[in-house]
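Going down the list, the protein sequences come from chains U and R. Residue numbers for the first sequence follow this note's numbering, so the first one is -11 and each next one is one higher. Residue numbers for the second sequence follow this note's numbering, so the first one is 542 and each next one is one higher.
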Amino acid sequence: MDGFQRSGEAESGARRGLRVPQPPARPGEAPDFSNVALGEPGKLGLPPLDAEASAFGVFHHDLFRVLGEDGAAKGPHAGDVSDQELKSALLAMIRTRAFDTRMLRAQRQGKTSFYMTCTGEEAIGVGCALAAQDGDMHFPTYRQQGILFANSIDPEAMMNQIYSNKKDPLEGKQLPVLYSFREQGFFTISGNLGTQWPQAVGWGMASAIKGDDKIAIAYIGDGATAEGDWHQGNLFAAVYKAPVLLCVINNQWAISTTNAFAGADLNTFAARMGSYGLPALRVDGNDLLAVMAACRYAAARARAGHGAVAIEFLTYRGGAHSTSDDPTKYRAKEELEAWPLGDPIDRLKAHVIAKGILSADEIEAIEKDAETEMREAENRAEENGLVHAGQGAPGEAMFDDVYAELPGRLIEQKKEAGF
Amino acid sequence: MSETLSNTRKMNMIEAIRDAHDVAMERDDDVVVFGEDAGFFGGVFRCTAGLQEKYGTSRCFDSPIAESGIVGTGIGMAAYGLKPVIEIQFADYITPAYDQISQEAARIRYRSNGQFTCPIVIRTPTGGGIYGGQTHSQSPEAIFTHVSGLKVVIPSNPYDAKGLLIAAIEDPDPVIFLEPKRLYNGPFEGYHDRALKGWKDHEDGKVPEGYYTIPLGEAKTVRGGNAVTVLAYGNMVHVCQAAQAESGVDAEIIDMRSLIPLDLDAIERSVKKTGRCVIVHEATKTSGFGGELMALVQERCFYHLEAPIVRVTGWDTPYPHAQEWDYFPGPARVAKALKKVVEAV
């Protein structure tokens, strides 16, 4: 199977007809990742900070990896992340997963209408956040909650948003998980895909205009790269050499559609971003050490005035797209287990154990603590109310912040609504 | 007007708009100007001429031909703390940016509960009467007035253009600033067979030097009258004045200037006085802003109305080329409507 079908092909054997991409495996079939170029841990070293974009060609189809399958860090970037940082990263990733587990259950219990996990992608948000500095701004999608755990958010605040309750920092205006945490460098999430990409570039351009050293970090999924804003953002980033990290999270799936519908089987996202003249890397997204090394490098390069860096993170969407989705209807059940880059938390655990930074027992204690932390946070958030139990954010808040000041017609409507 | 300055200079609308940029950029380092051809060349209509030379390429620059990218990056700049003033070359070409404008710029303050804001101005030449055909003539104001969170402004003369643009740049909310390109070089009353007058002999062509603002949300009565209230904006302000002269009807003509926020008091006061109302815009009729004005007049002035409210607008067709003057609502059509409304029992 060549990964796509043509209508009429079976009957005539001819090559005419519409090419419609197909995933490597459907439910009931054996998972197949033979087309994914996996590289080799430790093989690639990052070029000098001021290298021309053309020096990055080698990274377009190969894969930048640091962690080996034996849990050891390999190659020239093996020592880029300190022991303390590895511990912080592991803790943030474990807390992210514990939060997801808790909120998935809360949704099943009817405490919220909606939730989205980032299972299997924890290393990306966490690694990018730990490579950033205070004052930088992340422009996330709805699947980078790891940023918030790396930036020490109180999970209760996130849960209050998910429950749209009386302490929801967004006062009930937003769908669950579309957070906004300015103080944690976390830009307001929009439901409209791709829009944050040029916005991040503009934020970086503003930093450059003011002679600042702050950078923006943009995130987008593989599916959303098909949006026009991805292309325009790439172009602006390249044209103006904006200090921004452009991160494509290639988790193989956009709800039910294979990433081939975004052209992933025709060329890598790294190569495509490279074609805009951007220095572009393809990075193992389940390898925290590689994520951090690449992001640190990119951030330093952008901060030094060498412009944007594009990164394709290769990963796999371990969970359902959302709590409203059932992936067993469109993909092979065993895909997650078969994913060759494994689980980011398990891989980092093996590394810190092998390095003697933490023991298996200590990690188990951390996981227990994270579960407890999330359970307690959930209890506190629940005390603040659940919108589905009629304990939502106050009604009059609905009219605030449409504009800086309430205009006359909204004053009238607010009165009409009874506030 | 928030500051009175005695020195005035004759300006056309282009010069007034250019001057507004200059004043705003001089006063605030965070004001940045960009768009297609807006930098070195100074804009296809010259509205940003000389700004790059004066303020440098970091403050005024050219952009790729990518409207969503232009607005999207502008939103990011605004989130950082700048005050971007963006040019979309023609209002007809703003639709590729509609997602960024309607779902992002308009919503960022609301969806973040005030954590992030979007103080951005999107300037774009609008309207017809220039043989611009389908994609250089449209009046898309209604697709913006329908979006919560946006402000929509449309000046009709150089004096207002400068004062409103400075106010828009200083405004904390996103503003769509529509510039009737037919009025750039002179007041156009719809008499396409007569020579263009130019702004130099017009009272509103006298523009104060330096800083002044005209608050958003304040209409201007350009002619007082008792027989009928005419609600208009942009090109149609001048057409309505000509139509008044042609018909002899004692019309009160109100230039709305801002559509959002809207000066409801001015509308109500006038219609309650005259008892009759004609609404005039170039944009197509169905679901146009005139429908909203009509509804508001009906809601607020019903017991004062002595005749049905009438709309004179562009036809519900794409803007044609050869049929320019059959399409453009000129003085004759407006005059006919004025007579019809005052003669109605």
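Built from N, CA and C at the ideal position, the CB exists for glycine as well. Everything numeric in this text was worked out from a predicted model, so none of it was measured.
Could you check whether the Cβ of valine 236/U sits closer than 8 Å to any Cβ belonging to chain A? Here chain A cannot be found, since the structure's protein chains are U and R.
Any residues in the stretch 625 to 649 of chain R with a beta carbon nearer than 7 Å to a beta carbon of chain U? Which ones, in chain order? Cβ proximity to chain U below 7 Å picks out Asp640, Gln641, Gln644, Glu645, Ile649 from the stretch 625 to 649 of chain R.
Neighbouring residues, chain R, relative to alanine 117/U (Cβ below 9 Å): Correct list: empty, because the minimum Cβ distance to chain R is about 18 Å.
Cβ contact (3+ pairs, closer than 8 Å) linking the stretch 600 to 607 of chain R and the stretch 645 to 663 of chain R: Flag = no, the stretch 600 to 607 of chain R and the stretch 645 to 663 of chain R do not touch.
N-terminal and C-terminal residue of the alpha helix (DSSP H) that alanine 281/U is part of: Counting along the chain, the alpha helix (DSSP H) containing alanine 281/U begins and ends at 276 to 291.
If you drop the 5 nearest sequence neighbours on each side, which residues of the same chain put their C-beta closer than 6 Å to that of leucine 893/R? Nothing in the structure corresponds to residue 893/R, since chain R is present only between 542 and 886.
For the stretch 216 to 228 of chain U, list every residue whose C-beta sits within 7 Å of some C-beta in chain R, in sequence order. Residues passing the 7 Å Cβ filter: Gly216, Asp217, Gln220, Gly221, Leu223, Phe224, Val227.
Three or more beta-carbon pairs under 8 Å between the stretch 825 to 836 of chain R and the stretch 626 to 643 of chain R, yes or no? No: fewer than three Cβ pairs fall under 8 Å.
Any beta-carbon of chain U closer than 8 Å to the one on leucine 623/R? At a cut-off of 8 Å, the C-beta of leucine 623/R has a neighbouring C-beta in chain U.
Pick from Tyr130/U, Pro36/U, Asp20/U that is closest to serine 310/U, judged by C-alpha positions: Here the closest residue by C-alpha is Tyr130/U.
Considering Cα atoms alone, identify which of His339/U, Arg170/U, Gly45/U is closest to methionine 261/U. Closest by alpha carbon: Gly45/U.
Of all the CB atoms in chain R, is at least one closer than 8 Å to the CB of methionine 104/U? Taking a beta-carbon distance threshold of 8 Å, methionine 104/U does not count as an interface residue toward chain R.
Does DSSP put valine 340/U in a helix, in a strand, or in coil? Residue state, collapsed to three classes: helix.
Does chain R have any CB closer than 8 Å to the CB of aspartate 389/U? In terms of beta-carbon proximity, aspartate 389/U lines the interface with chain R, with at least one pair separated by less than 8 Å.
Contact set for proline 861/R: own chain, Cβ-Cβ below 7 Å, skip 5 residues either direction: Once the five neighbours on either side are set aside, the close Cβ partners of proline 861/R are Tyr868.
Rounded to whole angstroms, what's the CA-CA distance from valine 693/R to arginine 764/R? Just pull it up for me. One Cα belongs to valine 693/R, the other to arginine 764/R, and the distance between them is close to 23 Å.
On a Cα-Cα basis, can you pick out the residue from Asn274/U, Glu350/U, Phe249/U that is closest to tryptophan 327/U? Measuring from the Cα of tryptophan 327/U, the nearest candidate turns out to be Asn274/U.
In the structure shown, what three-state DSSP assignment does tyrosine 207/U receive? In this structure, tyrosine 207/U counts as strand in the three-state DSSP scheme.
Work out the CA separation of leucine 6/U and proline 660/R for me, nearest whole Å. C-alpha separation (whole angstroms): 46 Å.
Distance between threonine 256/U and lysine 229/U (C-alpha atoms, nearest Å): The alpha-carbon atoms of lysine 229/U and threonine 256/U are separated by roughly 22 Å.
Could you tell me whether the stretch 374 to 392 of chain U touches the stretch 111 to 119 of chain U, using the rule of 3 or more Cβ pairs below 8 Å? No: fewer than three Cβ pairs fall under 8 Å.
Should glycine 613/R and glutamine 187/U be called a contact, given that it needs their Cβ atoms to be closer than 8 Å? Going by C-beta atoms, glycine 613/R is nearer than 8 Å to glutamine 187/U.
Please say whether alanine 242/U and valine 54/U have beta carbons closer to each other than 8 Å? No, these two residues do not count as a Cβ contact at 8 Å.
Measure the Cβ-Cβ separation of methionine 146/U and leucine 158/U and say whether it is below 8 Å. Not closer than 8 Å, so no.
Take asparagine 148/U and list the residues in its own chain whose beta-carbon comes closer than 7 Å to its own, dropping the five residues that flank it on each side. If we look at asparagine 148/U and ignore the five residues flanking it on each side, its Cβ neighbours are Lys155, Asp156, Pro157, Ala369, Asn372.
When Cβ atoms are compared, which residues of the stretch 253 to 284 of chain U fall closer than 7 Å to chain R? So the list is empty, because no residue satisfies the distance condition.
Is the beta carbon of histidine 822/R sitting closer than 8 Å to the one on threonine 858/R? Cβ atoms of histidine 822/R and threonine 858/R: not closer than 8 Å.
Beta carbon of leucine 269/U nearer than 8 Å to that of phenylalanine 52/U: Yes, the Cβ-Cβ distance between leucine 269/U and phenylalanine 52/U is below 8 Å.
Lysine 747/R bridges to which residues according to DSSP? DSSP output for lysine 747/R lists Lys551/R as bridge partner(s).
Backbone CA spacing between proline 64/U and glutamate 109/U [nearest angstrom]: Going by the C-alpha atoms only, they are around 24 Å apart.
Check whether the Cβ atoms of isoleucine 208/U and aspartate 124/U lie closer than 8 Å to each other. Result no, Cβ atoms of isoleucine 208/U and aspartate 124/U do not sit closer than 8 Å.
Inter-residue spacing [alpha-carbon to alpha-carbon] between methionine 386/U and cysteine 601/R: The alpha-carbon atoms of methionine 386/U and cysteine 601/R are separated by roughly 38 Å.
Looking at chain R, is there any beta carbon in it that lies within less than 8 Å of the beta carbon of proline 157/U? Chain R, which has a Cβ nearer than 8 Å to the Cβ of proline 157/U, makes this yes.
Going by DSSP, what residues sit across from histidine 126/U in a beta bridge? Under DSSP, histidine 126/U shares a beta bridge with Phe174/U, Ile205/U.
Would a C-beta distance cut-off of 8 Å place alanine 702/R and alanine 557/R closer than the cut-off? Judged by beta-carbon spacing, alanine 557/R lies within the 8 Å limit of alanine 702/R, meaning their Cβ atoms are closer than that value.
What is the rounded straight-line gap between the Cα of glycine 673/R and the Cα of leucine 757/R? Taking the straight line from one Cα to the other gives about 29 Å.
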